[in-house]
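Beneath this line is the structure, given in structure tokens, with notes to follow.
Chains as they are written, first to last, in this note's numbering: chain A, 4 to 443; chain B, 4 to 443.
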């Protein structure tokens with residue numbers, strides 16, 4: 004992508020409304036724009052990152068056997084009356100009347116709708132287990148949306164819903180998602196710690212939040228520091244292996260971890276002092292097993308192998324992509340801007356032409372741009388006539404992992420400079436060697 | 004994907020509510036489910052097709068130089084008061100009050116919001132031309148939603164918005180989208196005919212609808228039959244070539260084509276009778292040039308090369324993916340079900356194991372499934388214990404281009420049967436030869 008043809012509106016000033024660093028950097032780098040309170044547009048740079056985050060989430064959901072569909076944003080109130088949550092949900096639910104005066108709502112979550120889909124089609128245990136997910140917009144009318152897309156009103160959520168014949172089956176489904184989440188966060192460059200959590204308005208009796216540690220976290224968390232070194236399930240993990248899933252789950256729940264709501268001071272103090280970790284955390288995922296809480300009132304039943312009807316056991320599993328993006332920034336930035344993990348970077352590299360219009364600089368930049376593009380890389384080419392200093396600052400701000408700097412002095416020797424955004428390390432190489440290194 | 008682990012709820016009965024064939028087939032094949040009047044879930048099979056349609060739309064938008072972002076679904080009423088459309092839009096606009104009693108709406112289109120984004124950031128002609136698009140849900144509260152996702156209330160739209168310094172520039176941007184649309188529909192397996200159209204509530208003075216001919220079309224259309232043979236712009240088309248874009252546009256507007264609203268009986272009758280085509284059509288895209296209709300009241304201006312402020316010239320360009328899916332079915336089906344064009348098929352092929360549990364059938368099916376998957380194909384493997392007849396009917400219904408039939412009799416000779424869903428042609432080949440043919 005040539006920057007002269009891209010839309011990347013970088014702000015020179017620090018936006019006053021931003022209280023946390025991710026919000027400030029997302030506004031400054033032109034990733035998002037607030038349209039109304041707690042409602043954001045994702046500008047092209049932000050959209051690219053969001054797409055990469057979604058892709059990783061999707062790949063790991065699919066790997067674990069979950070099946071993607073797409074439910075709508077607007078739901079009928081009737082469905083929520085069936086589960087009893089229509090009145091219970093409170094003011095965070097955006098209630099709407101259509102032109103026929105029918106009561107509707109903008110879905111804050113989809114337990115009811117997916118249970119309705121399930122009961123319409125699935126009649127036999129032979130179709131179980133089943134895990135259906137979608138990545139769809141939600142709306143929660145928070146009284147005080149803040150921190151940019153970290154806590155917005157309209158937001159994207161990946162929500163999966165598992166259906167099993169038995170409690171044991173449902174617990175295996177829960178552990179599959181648990182393992183899928185560990186893989187997902189790890190691929191996003193995050194170390195997330197699962198913590199026993201309160202089930203809140205979703206309900207149920209088993210729940211974990213996945214928390215990343217960050218100074219700007221909303222909640223206080225307490226855990227054993229061993230978590231930092233636990234192994235992430237490998238790519239070839241067999242999600243159908245019940246014992247395997249159990250052992251991953253057991254390992255990751257073997258030492259103390261809790262949010263402040265679930266905190267047990269005595270248990271925490273039993274950990275040797277040097278191993279205690281007390282910090283602020285950001286919730287990036289939340290999983291629930293809630294048995295028959297929705298299937299019972301909504302009549303989601305299947306015929307079992309015994310010929311009788313069984314109410315299915317369910318769980319739900321959420322990740323917020325629009326919240327993950329700022330969470331990644333909170334975990335990975337410096338005073339000059341964002342430092343994207345390679346897996347979600349909006350571009351793999353940025354070519355900085357220090358002197359656009361200079362014949363040698365243009366020729367080398369174009370050659371690099373074409374060759375890296377042909378090698379299948381996403382490359383941003385800063386071909387604008389901005390000053391070199393402005394370009395360097397912008398490249399640091401947007402946090403693309405590799406900067407390829409083409410300047411008139413080095414190019415006279417046939418050389419360019421590579422800068423690693425994360426370490427700041429620089430090396431001077433011939434154009435050829437730089438290409439080999441970047442595509443090798 | 005193993006069918007035993009997929010979610011593809013095929014209906015045995017013809018759904019009564021479906022008035023047109025695409026709606027009937029989408030319900031029967033388990034692609035969609037109505038959740039409320041005019042509001043649909045896209046079940047896994049439908050979601051796969053929708054994703055492929057979106058991918059083609061996106062590739063062609065990007066090729067033409069448009070830049071993707073993502074605007075939210077909910078908008079503030081204020082923005083629409085600025086353009087004067089808040090009162091004008093009528094009951095199709097879903098008006099909402101949030102918990103603070105602020106008037107909001109579920110966006111039926113995004114001219115106002117994108118103009119607001121533009122004016123916030125773009126100050127100089129140097130950043131033009133610019134074309135921003137997104138693929139986002141819209142809501143239009145139609146009094147009589149019908150025909151399934153062909154005319155639903157919540158629907159997906161790709162809407163692009165171009166910004167230019169001059170009218171001439173804007174006309175070039177219009178012709179670029181015109182050419183991109185020709186390519187898009189062609190890749191979707193459709194022959195779409197651009198017709199001069201009324202501008203309706205979007206406004207402006209130049210507009211084309213892209214119409215595909217189908218008996219179930221909502222509108223009557225009239226055109227010269229030469230359209231059927233006009234060339235589609237090639238993949239390497241240079242969208243920056245002003246004369247090139249002009250010549251594509253001139254060619255495709257050189258002969259008569261009009262919807263009933265714009266129909267000129269005399270002009271049509273001037274065509275030799277044998278060349279007249281009068282038919283029903285389905286609108287699958289609509290493009291508009293509307294000059295300064297939004298930029299003027301909303302103050303979207305840039306500094307020109309003359310140092311003065313210029314109100315920008317705009318156009319907007321819509322395609323409805325959730326409407327395209329049924330449109331493709333209307334254009335491509337038979338009495339047994341859907342016939343997907345390869346470009347949007349939910350799977351490239353389906354392996355029908357006629358006798359799951361039979362050792363030879365299972366082994367051959369598994370081998371084919373693994374080999375086709377390794378070759379990068381999307382394969383559905385019907386590994387269920389349904390009767391062979393049920394499997395054949397389902398495979399025809401879901402319309403996957405190639406069926407690979409593994410039966411006990413042929414596999415005894417090491418052979419399988421390939422069936423082309425479109426032509427019905429069958430051939431018997433060794434497993435090896437079948438693999439070579441499908442991956443070759």
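Glycine included, C-beta positions come from ideal geometry on N, C-alpha and C.
Under a Cβ-count criterion, where at least 16 other Cβ atoms within 10 Å of its own Cβ denotes burial, should residue 394 (chain A) be classed as buried or exposed?
Residue 394 (chain A) is buried by the Cβ-count criterion.
Say whether chain B places a C-beta atom closer than 9 Å to the C-beta of residue 68 (chain A).
With 9 Å as the cut-off, residue 68 (chain A) counts as an interface residue toward chain B.
Using three-state DSSP, classify residue 375 (chain B) as helix, strand or coil.
Reduced to three states, the DSSP call for residue 375 (chain B) is helix.
Tell me the DSSP bridge mates of residue 318 (chain A)?
A:165 and A:292.
Between residue 342 (chain A) and residue 327 (chain A), what straight-line distance do the alpha-carbon atoms span, to the nearest angstrom?
Their Cα atoms are separated by approximately 14 Å.
Quick one: which chain B residues come within Cβ less than 9 Å of residue 1 (chain A)?
The shown model of chain A, from 4 to 443, leaves out residue 1 (chain A), and the question about it has no answer.
Alpha carbon to alpha carbon, how far is residue 331 (chain A) from residue 48 (chain A)? Give it in angstroms, no decimals.
Roughly 15 Å separates the two Cα atoms.
Which residue comes first and which comes last in the beta strand (DSSP E) that contains residue 45 (chain B)?
Segment 42-45, the beta strand (DSSP E) holding residue 45 (chain B).
Please list the partners that residue 157 (chain A) has in chain B, where partner means a Cβ-to-Cβ separation under 8 Å.
The answer, in chain order, is 75, 76 and 77.
Going by other Cβ atoms of all chains shown within 10 Å of its Cβ, with 16 needed for buried, is residue 119 (chain B) buried or exposed?
The residue is buried, with at least 16 neighbouring Cβ atoms inside 10 Å.
When you compare each of A:29, A:58, A:279 and A:60 to residue 465 (chain A) by their alpha carbons, which one comes out closest?
The requested residue 465 (chain A) does not occur in the structure, where chain A is confined to residues 4 to 443.
Please determine, among A:139, A:164 and A:63, the residue with the shortest C-alpha to C-alpha distance to residue 73 (chain B).
Among A:139, A:164 and A:63, the Cα nearest to that of residue 73 (chain B) belongs to A:139.
Near residue 188 (chain A), what residues of its chain come up, given a Cβ to Cβ distance below 8 Å and the 5 sequence neighbours on each side ignored?
The residues are 194, 195, 213, 215, 287 and 288.
Check each residue of the segment 24-52 of chain A: if its Cβ is closer than 7 Å to any Cβ of chain B, include it; give the result in chain order.
Listed in sequence order: 36, 38, 39, 42, 43, 44, 45, 46, 47 and 50.
Would you decide whether residue 170 (chain A) is buried or exposed? Buried here means 16 or more other CB atoms lie within 10 Å of its CB.
Its Cβ having fewer than 16 others within 10 Å, residue 170 (chain A) is exposed.
Got a sec: which bits of the segment 161-173 of chain A sit with their beta carbon under 9 Å from any beta carbon on chain B, in order along the chain?
Those would be none; no residue qualifies.
Give me the residue from B:117, B:163, B:114 and B:436 with the minimum Cα distance to residue 67 (chain B).
Among B:117, B:163, B:114 and B:436, the Cα nearest to that of residue 67 (chain B) belongs to B:163.
Could you work out which residue in A:361, A:297 and A:39 is closest to residue 471 (chain A) when comparing CA atoms only?
Given that chain A is displayed from residue 4 to residue 443, the structure contains no residue 471 (chain A) and the question cannot be resolved.
So, does the segment 145-158 of chain A touch the segment 121-134 of chain A, judging by three or more C-beta pairs under 8 Å?
Cβ pair count under 8 Å is below three, so no.
Just checking: is the beta-carbon of residue 317 (chain B) within a distance shorter than 9 Å of some beta-carbon in chain A?
Cβ-Cβ to chain A under 9 Å: no for residue 317 (chain B).
Would a check of beta-carbon distances place residue 368 (chain A) closer than 9 Å to chain B?
With 9 Å as the cut-off, residue 368 (chain A) does not count as an interface residue toward chain B.
Please go through the same chain and pick out, in chain order, the residues whose beta-carbon is closer than 6 Å to the beta-carbon of residue 26 (chain B), but skip the five residues on each side of it.
Within the same chain, residue 26 (chain B) has close Cβ partners 150 and 151.
Run down chain B in chain order and give the residues with a C-beta less than 9 Å from the C-beta of residue 116 (chain A).
Here the neighbours are 38 and 44.
What in chain B is Cβ-close to residue 275 (chain A), meaning under 7 Å?
None at all; the shortest Cβ gap to chain B is about 46 Å.
Find the nearest neighbour of residue 421 (chain B) within the set B:368, B:376, B:386 and B:390, judged by alpha-carbon distance.
Minimum Cα distance to residue 421 (chain B) is reached at B:368.
In whole angstroms, what separates the C-alpha of residue 172 (chain B) from that of residue 84 (chain B)?
Going from the Cα of residue 172 (chain B) to the Cα of residue 84 (chain B) covers about 28 Å.
Against chain D, with Cβ distances strictly below 9 Å, would residue 304 (chain B) count as a contact?
Included in the structure are the protein chains A and B, with no chain D among them.
Provide the residue(s) that pair with residue 354 (chain B) in DSSP beta bridges, ordered along the chain.
Partner(s): B:384 and B:407.
In chain B, which residues lie with their C-beta within 8 Å of the C-beta of residue 59 (chain A)?
None at all; the shortest Cβ gap to chain B is about 16 Å.
Assign residue 103 (chain B) to one of three DSSP states: helix, strand, or coil.
It is coil, neither helix nor strand.
Give the secondary structure of residue 197 (chain B) by DSSP, where H, G and I count as helix, E and B as strand, and everything else as coil.
Of the three classes helix, strand and coil, the one that applies to residue 197 (chain B) here is strand, per DSSP.
Can you tell me whether residue 231 (chain B) is buried or exposed, with buried defined as 16 or more other CB within 10 angstroms of its CB?
Exposed.
So that I know if they touch, is there some Cβ in chain B lying closer than 9 Å to that of residue 386 (chain A)?
Not closer than 9 Å to any Cβ of chain B, the Cβ of residue 386 (chain A) fails to qualify, so no.
If you scan the segment 86-154 of chain B from start to end, which runs of the alpha helix (DSSP H) of 4 or more residues do you find wholly inside it?
Those alpha helix (DSSP H) runs which fall completely within the segment 86-154 of chain B and span 4+ residues are 88-91 and 114-124.
Is residue 324 (chain A) close to chain B, meaning its C-beta is less than 9 Å from at least one C-beta of that chain?
Not one chain B Cβ lies under 9 Å of residue 324 (chain A).
I want to verify the contact list: residues of chain B whose CB lies under 8 Å from the CB of residue 144 (chain A), in sequence order.
Neighbours of residue 144 (chain A) on chain B, chain order: 101 and 102.
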